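K.L.:
Structure below; questions to follow.
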Amino acid sequence: MDKTKNVFDFQTPVLPDPEVTKALIQQAVAYQVRGRVSAVAGEAVEIEGMTAPIGAICELQSQDGAVSRSRVIGFRGVRPILAPLERLNALAAGDSVRLVDTTLKLRVGPSLCGRVIDAFGQPVDGRPLPKDLVTIDADREPPESLERPPIDTPLQTGIRAIDTMLTCGQGQRLGIFAGSGVGKSTLLGMLARGSNADRIVIGMVGERGREVQEFLNRALGEAGFARSVVVVATSDRPAAQRVSAAWTATAIAEAFRDQGENVLLLIDSVTRFAMAQRELGLAAGEPPTTRGYPPSVFNLLPRLVERAGRTKVGSITAFYTVLVEGDDHNEPIADALRGLLDGHLVLSRDLAASAHWPPIDILHSLSRLQPHLVSRDALQTTAVARQHLSEYHRHADLISIGAYRQGSDPRVDAAIEMRDPLNLFFQQEATQITTLQDSNRILAQLVSRQPVSPQADVDVSAQIPPAGAIVEETPGVVTS
């Protein structure tokens, strides 16, 4: 036995980054501001004896010693109103209140990928945070309009229906509009696995608790999770925490973008973000307007989506899911977001009921930037495909009852013959990924057929990757 080796063989302790420590010291509050609880009404806590700016973080300490965080959301006279970020336990009038910081601070860095955190940036997966993270503010101003370069580079999503008919660019912001149970989370998982973005940030706002683990294991997968940061605030969390989760996910995406990376931001869902803000607005005394939503909801929505986009350094491509109430696509939140975003994907319940996955309604979906992202030939190809889909949809009733006679209209004849090949092309398993180049090539071959002429016959099934084509280790490459 080598005693010398036992004596001198030890691990050198890892010291924290001095720059990180310096930043923490500079951002620390060097004084204490204290007050006390004056009144509690529902989710609103009124305090006296101190003041704090909107958005400040405070700690409430009950008589049994329990400490919970809250956020300033308004004022009643000169008294701040707090919204709890955590559950309030045994809180009573006169309990101590302490100002922690004027804004919510987060610690981010590349080593945060592969982790699940809460709205405060704290880990929920049982492991400590890495020591090389830097501190940032969760609330930032969006980039100035003149600092945004034009979006001219397509982003691969791995989903054939999106890459061909609804091409998305790096820095574009799109909404996924659907009712409950139509497949929004599955589509987000496909986007995370098939995208060629450098980093992925996922904000799960107001989701059911059991869906978090299912999304990580089934929808996201090991390869997608390895380059992702997941921010979680489930439906049982206080409204202020659900609102903060969306800001936290956006701030983390901004930090990666500022490092020159192309980031994919997925927020599920903006509707629950708006519902949480509705609770806070009503608790702060705002008047309810359309369907009970206070004005602050419609003020925060543009602030949230405008923080995404492209800058001179990097880009944030954002997909926001919108849960339309009662499948009403004209309800207030959906209508407001449709005007704020650069495109929208509509998921159809009828397509989902017919086992058409993903159930993207091509005719009712739109990417506003597609004409600037693809070539003239590719744009012409998608236009012809849309015409086939539109013609069939327009005459669907006559075709289904057998009232249409073959040969009456060449356009309808072409639409009937192209319907099955196009539907087969747009259908895709959740684990199947097709590259952007292959998707465009296959669609061009399908459209270039001459459906009216019997001489032209292309084997459609040979052009489409098999249903078992799965990509996990190398996103964007189809393997059998």
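When the count follows this note's numbering, it moves up by one through the sequence shown with no breaks and lands on 1017 for the last residue. All C-beta atoms, glycine included, are put in the ideal place defined by N, C-alpha and C. Computed from a predicted structure; not experimentally measured.
Please go through the same chain and pick out, in chain order, the residues whose beta-carbon is closer than 7 Å to the beta-carbon of residue 984, but skip the five residues on each side of it.
P.N.:
Excluding residues within five positions, the ones whose Cβ falls inside 7 Å are 918, 921, 922.
K.L.:
Throw me the rounded Cβ distance for the residue 806 and residue 738 pair, which I believe falls under 8 Å.
P.N.:
The Cβ separation is near 15 Å, so there is no contact.
K.L.:
Mapping DSSP to helix, strand and coil, what is residue 615?
P.N.:
Looking at residue 615 - three-state DSSP - the assignment turns out to be coil, as it is neither helix nor strand.
K.L.:
Would residue 828 be called buried (16 or more neighbouring beta carbons within 10 Å of its own) or exposed?
P.N.:
Exposed, because fewer than 16 other Cβ atoms sit within 10 Å of the Cβ of residue 828.
K.L.:
Sort 703, 772, 972 by Cα distance to residue 624 and report the nearest one.
P.N.:
Of the candidates 703, 772, 972, the one whose C-alpha sits nearest the C-alpha of residue 624 is 772.
K.L.:
Please work out which residues of its chain come closer than 8 Å, Cβ to Cβ, to residue 670, disregarding the five sequence neighbours upstream and downstream, and give them in chain order.
P.N.:
Closer than 8 Å at the Cβ level, and outside the excluded window around residue 670, lie 557, 644, 645, 646, 648, 649.
K.L.:
List the DSSP bridge partners of residue 607.
P.N.:
Residue 607 pairs with 595, 621.
K.L.:
Just the C-alpha distance for residue 590 and residue 674, rounded to the nearest angstrom, thanks.
P.N.:
The straight-line gap from Cα to Cα measures roughly 15 Å.
K.L.:
What number of angstroms, rounded off, separates the C-alpha of residue 641 from the C-alpha of residue 955?
P.N.:
For residue 641 and residue 955, the distance between alpha carbons rounds to 54 Å.
K.L.:
Just the Cα atoms here: how many angstroms apart are residue 734 and residue 728?
P.N.:
So the alpha carbons of these two residues sit roughly 10 Å apart.
K.L.:
Ordered along the chain, which non-local residues of its own chain (more than five positions away) have a Cβ less than 7 Å from that of residue 617?
P.N.:
So the qualifying residues of the chain are 584, 588, 589, 609.
K.L.:
How many angstroms separate the CA atom of residue 988 from the CA atom of residue 935?
P.N.:
Residue placement at residue 988 cannot be trusted, given a pLDDT of 39 that sits under 50; what the coordinates show is reported in the next sentence. Between residue 988 and residue 935, the C-alpha separation is close to 20 Å.
K.L.:
Let me know the beta strand (DSSP E) ranges lying completely inside the stretch 848-913, each 3 residues or longer, listed in chain order.
P.N.:
The qualifying runs are 852-860, 880-883.
K.L.:
Tell me whether residue 799 sits in a helix, a strand or coil according to DSSP, three-state version.
P.N.:
DSSP places residue 799 in strand when its eight states are reduced to three.
K.L.:
With three or more C-beta pairs closer than 8 Å as the rule, is the stretch 754-765 touching the stretch 777-793?
P.N.:
In short, these stretches do not touch, since the Cβ pair count stays below three.
K.L.:
Pull up the DSSP beta-bridge partners for residue 638, would you.
P.N.:
Paired residues: 594.
K.L.:
Nearest CA to the CA of residue 749: which residue from 770, 736, 582?
P.N.:
Among 770, 736, 582, the Cα nearest to that of residue 749 belongs to 770.
K.L.:
What distance in whole Å lies between the Cβ atoms of residue 595 and residue 619, which are believed to be in contact at a cut-off of 8 Å?
P.N.:
That belief holds up - the Cβ atoms of residue 619 and residue 595 are roughly 6 Å apart, short of 8 Å.
K.L.:
Just to confirm, are residue 906 and residue 879 a CB contact at a threshold of 8 Å?
P.N.:
Yes; because the gap between Cβ atoms is below 8 Å, this pair is in contact.
K.L.:
Please state whether DSSP places residue 760 in a helix, a strand or coil.
P.N.:
It is helical.
K.L.:
Count the other CB atoms within 10 Å of the CB of residue 867; is the residue buried (16 or more) or exposed (fewer)?
P.N.:
Looking at its Cβ environment, which holds fewer than 16 other Cβ atoms inside 10 Å, residue 867 is exposed.
K.L.:
Measure the alpha-carbon distance for residue 889 versus residue 951 and round it to whole angstroms.
P.N.:
Rounded to the nearest angstrom, the two C-alpha atoms are 25 Å apart.
K.L.:
May I have the straight-line CA-CA distance separating residue 744 from residue 870, to the nearest angstrom?
P.N.:
For residue 744 and residue 870, the distance between alpha carbons rounds to 18 Å.
K.L.:
Is it the case that the Cβ atoms of residue 881 and residue 910 are separated by a distance below 8 Å?
P.N.:
No, the pair does not count as a contact, with Cβ atoms beyond the cut-off.
K.L.:
How many whole angstroms separate the CB atoms of residue 573 and residue 631, which I take to be in contact at a CB cut-off of 8 Å?
P.N.:
That belief holds up - the Cβ atoms of residue 573 and residue 631 are roughly 5 Å apart, short of 8 Å.
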